[in-house]
Amino acid sequence: MAFDPSRHYPLGSSRPDLVRTPGGLALDELELHGENVTSEELRATPETLRLQADVARAAGRSQLADNLLRAAELASVPDETILEIYTALRPKRSTAAELAAWVERLEGWGAPATAAFVSEAAQVYAERGLLAA
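Position one of the sequence shown corresponds to residue 13 (our numbering), numbered consecutively onward.
The following block contains the structure:
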């Protein structure tokens with residue numbers, strides 16, 4: 013059966029066959045109190061986040077869909093790096109060159125939507141005087 017984002021929400025109950033853990037477990041194989049379940053297994057996978065983005069877009073929630081696509085791009089990026097990016101995006105924390113370096117890194121990691129987001133933020137920060145000196 014083909015995935016229909018306008019009908020198959022929530023994914024976990026309407027199409028559990030499409031949802032897997034990062035380690036490949038199906039939802040019906042996942043035991044929250046099982047001895048083999050780690051916090052890593054409870055994370056959303058890029059595939060699931062992309063499906064959720066499709067659902068959001070089908071419901072007319074394009075901004076949520078864009079956020080979910082960026083989350084899919086960053087799902088494999090270490091938490092510490094995500095925090096570094098978050099800090100770099102705070103007003104007056106980064107220079108234009110530092111944000112440009114993040115854009116390059118993100119593009120190199122295969123995260124074009126997130127790179128475009130950081131690039132747009134850098135442009136807005138420059139216009140509003142929010143870049144570090």
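C-beta atoms are modelled at their ideal positions from N, C-alpha and C, and glycine is treated no differently. Remember, it's a predicted structure, so these values are computed and weren't measured experimentally.
- The DSSP-derived three-state label of Arg32 is strand.
- The beta-carbon separation of Gly35 and Glu53, rounded to 5 angstroms, stays under the 8 angstroms limit for a contact.
- Taking the Cβ atoms as the reference, Leu101 lies roughly 11 angstroms from Val136, outside the contact range of under 8 angstroms.
- In the pairwise beta carbon analysis, the region 85-104 is classified as touching the region 115-131: at least three pairs are separated by under 8 angstroms.
- In the three-state scheme derived from DSSP, where H, G and I count as helix and E and B as strand, Ala84 is classed as helix.
- In the DSSP annotation of this structure, Val89 is not part of any alpha helix (DSSP H), being labelled neither H nor E.
- Assignment of alpha helix (DSSP H) within the region 83-141, counting only whole runs of 4 or more residues, yields 91-100, 108-120, 124-140 in chain order.
- If you draw a straight line from the Cα of Leu81 to the Cα of Gly46, it is about 30 angstroms long.
- Across the structure, Ala71 and Arg27 are spaced so that their CA atoms are roughly 17 angstroms apart.
- Here DSSP, grouped into helix, strand and coil, assigns Ala38 to strand.
- When Ala133, Arg73, Thr60, Ser106 are compared, the shortest CA-CA separation from Ala144 is found for Ser106.
- Setting aside the 5 residues that flank it on each side, Ser18 is surrounded in the same chain by Ala70, each with a C-beta closer than 6 angstroms to its C-beta; the list follows chain order.
- Taking a contact as a CB-CB distance under 8 angstroms, the pair Ala134 and Ala108 counts as one, their CB atoms being some 6 angstroms apart.
- A Cβ-Cβ separation of about 14 angstroms leaves Ala68 out of contact with Ala56 under the 8 angstroms criterion.
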